[in-house]
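*Asks:* Here the sequence shown is numbered in my numbering, starting from 110 and rising by one per residue. All C-beta atoms, glycine included, are put in the ideal place defined by N, C-alpha and C. Below you'll find the structure I mean.
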Amino acid sequence: MTDRLSQAREDLVSANRILANEGILDAFGHVSVRHPEDPNLFLLSRARSPEVIEDSDLLEHGLDGEPTVSGGPLPYLERFIHAAVYEARPEVVAVCHSHTPSILPFSVSLTTPLRAIVHSARFLGGEVPVWDIASEFGHKTNMLVINQDLGRSLNRAMGNGPIALMRGHGCVVASNDLQALVSNCISMDRNAKVQLAATALGDYTPIHTDEYSPVHDAALTERPWDAPRGDNRAWEYFRRRAGVS
Ligand SMILES: [Zn+2]
110 MTDRLSQARE DLVSANRILA NEGILDAFGH VSVRHPEDPN LFLLSRARSP EVIEDSDLLE
170 HGLDGEPTVS GGPLPYLERF IHAAVYEARP EVVAVCHSHT PSILPFSVSL TTPLRAIVHS
230 ARFLGGEVPV WDIASEFGHK TNMLVINQDL GRSLNRAMGN GPIALMRGHG CVVASNDLQA
290 LVSNCISMDR NAKVQLAATA LGDYTPIHTD EYSPVHDAAL TERPWDAPRG DNRAWEYFRR
350 RAGVS
């Protein structure tokens, strides 16, 4: 196994533990990373809760959403969320699907979009799109993304952006970097809580376009795998809090 692959696997285990510890993922939801040696594959755990995932749980999946080894451990039902994004967008390196409670009100509100209002969540941009599964597939679904057609529909709702909410369900977040994805998911949760609190106070001032655009746009700018990584104190902090040694 190459150093890049072993590092990606270690970081993916950490990402699962961190996102569970921070309340972004619970028993459900999942996070993945594109395979560093083969862009036509991505790494995602078998169907297991993020808090307890270990390296041995990680499965290679193709861009059709299927594990490369058939007959193995049970994969996640909603693995197609990840597959469709990786299939359509070569710049995406990491994807998270969560049911984070704080963002759910914005997934069903007919008047108030989730938007960047705190500086650490500028990647959200001005108005986070909402994907309604019923718009294309009607109401006779179980609301889960259980095939590639559903995944592609959800990916289209993201446009070229880093996030879409899923009506009454959760969200999908994409990034060109796994560690950045983890920070963005945690910031998304904080932003949603602050936005709800600010709404209760009345009118509020959102982040200006010129303030969020550089960060929003950079969330999906292709980043070379070997680009030097700065000192990521957030990653160290979150790892320590999650008990990841
Ligand atoms: Zn889900």
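Taking all protein chains shown into account, decide if G174 is buried (16 or more other Cβ within 10 angstroms of its Cβ) or exposed.
*Replies:* Your numbering for residue 174 matches position 65 in the sequence shown. Buried, because 16 or more other Cβ atoms sit within 10 Å of the Cβ of G174.
*Asks:* Might you give, ordered along the chain, the residues of its own chain that have their beta carbon closer than 7 angstroms to the beta carbon of P145, omitting 5 neighbours on each side?
*Replies:* Start at 1 with the first residue of the sequence shown, and residue 145 comes out as number 36. Once the five neighbours on either side are set aside, the close Cβ partners of P145 are R113, L114, A117 and W334.
*Asks:* For ligand 1, is there any heavy atom lying closer than 7 angstroms to the beta carbon of G279?
*Replies:* Along the sequence shown, one-based indexing puts residue 279 at 170. True, at least one ligand heavy atom lies under 7 angstroms from that Cβ.
*Asks:* Report yes if the C-beta distance between P222 and V237 is below 8 angstroms; otherwise report no.
*Replies:* As a working mapping, residue 222 is identified with position 113 in the sequence shown. As a working mapping, residue 237 is identified with position 128 in the sequence shown. Yes.
*Asks:* Label A193 either buried or exposed according to how many other C-beta atoms from any shown protein chain fall within 10 Å of its C-beta, with 16 as the threshold for buried.
*Replies:* Start at 1 with the first residue of the sequence shown, and residue 193 comes out as number 84. By the neighbour-count rule (16 or more Cβ atoms within 10 Å), A193 is buried.
*Asks:* Tell me whether the beta-carbon of I255 lies closer than 8 angstroms to the beta-carbon of L153.
*Replies:* Reading the sequence shown from its first residue, position 146 is the one you call residue 255. Reading the sequence shown from its first residue, position 44 is the one you call residue 153. The answer is no: Cβ separation not under 8 angstroms.
*Asks:* Given that a residue counts as buried once 16 or more other Cβ atoms are within 10 Å of its Cβ, and exposed if not, what is A283?
*Replies:* Counting from 1 along the sequence shown, the entry for residue 283 is found at position 174. Buried, because 16 or more other Cβ atoms sit within 10 Å of the Cβ of A283.
*Asks:* Does any heavy atom of ligand 1 sit closer than 7 angstroms to the C-beta of L329?
*Replies:* Taking the sequence shown and counting its residues from 1, one reaches residue 329 at position 220. Incorrect: L329 has no Cβ contact closer than 7 angstroms to ligand 1.
*Asks:* Run through DSSP, which three-state label would A156 get?
*Replies:* Sequence index remark: in the sequence shown, residue 156 carries index 47 (1-based). Coil.
*Asks:* Tell me, which residues are paired with A203 by DSSP?
*Replies:* Within the sequence shown, numbered from 1, the residue matching residue 203 stands at position 94. A203 is bridged to V142 and S284.
*Asks:* Would you say F189 touches ligand 1, meaning its beta carbon is less than 7 angstroms from a heavy atom?
*Replies:* Here residue 189 refers to the residue found at position 80 when the sequence shown is read from its first residue. F189: no, Cβ never under 7 angstroms from ligand 1.
*Asks:* How would you write the range of the beta strand (DSSP E) that I316 sits in, first residue to last?
*Replies:* Stepping through the sequence shown from its first residue, residue 316 is reached at position 207. Per DSSP, I316 belongs to no beta strand (DSSP E) and is neither H nor E.
*Asks:* Taking one C-beta from the region 299–307 and one from the region 263–274 each time, how about it: are there three or more such pairs within less than 8 angstroms?
*Replies:* Flag = no, the region 299–307 and the region 263–274 do not touch.
*Asks:* Throw me the rounded Cβ distance for the D241 and I133 pair, which I believe falls under 8 angstroms.
*Replies:* Mapped onto the sequence shown, residue 241 falls at position 132. Mapped onto the sequence shown, residue 133 falls at position 24. D241 to I133, Cβ: 22 angstroms. No contact.
*Asks:* Roughly how many angstroms separate the alpha carbons of H317 and I226, rounded to a whole number?
*Replies:* Position 208 of the sequence shown holds residue 317. Position 117 of the sequence shown holds residue 226. If you take the alpha carbons of H317 and I226, they lie about 9 angstroms apart.
*Asks:* Can you tell me whether DSSP reads V237 as helix, strand or coil?
*Replies:* Your numbering for residue 237 matches position 128 in the sequence shown. Here V237 sits in coil by DSSP.
*Asks:* Name the two residues that bound the continuous beta strand (DSSP E) containing M275.
*Replies:* Counting from one through the sequence shown, the residue named residue 275 turns up at place 166. Where M275 is concerned, the enclosing beta strand (DSSP E) stretches over I272 to M275.
*Asks:* Skipping 5 residues on each side, what residues in its chain have a beta carbon closer than 7 angstroms to that of L253?
*Replies:* Residue mapping note: residue 253 aligns to position 144 of the sequence shown, counting from 1. Answer for L253: L186 and E187, listed in chain order.
*Asks:* Do I190 and V291 have their beta-carbon atoms positioned less than 8 angstroms apart in this structure?
*Replies:* Here residue 291 corresponds to residue number 182 of the sequence shown, with the count starting at 1. Here residue 190 corresponds to residue number 81 of the sequence shown, with the count starting at 1. The answer is no: Cβ separation not under 8 angstroms.
*Asks:* Enumerate in chain order the residues of its own chain whose CB-to-CB distance from V239 is below 8 angstroms, with the five nearest sequence positions on each side excluded.
*Replies:* Within the sequence shown, numbered from 1, the residue matching residue 239 stands at position 130. Contacts found: F215, S216, P222, A266, A273, L274, M275 and R276.
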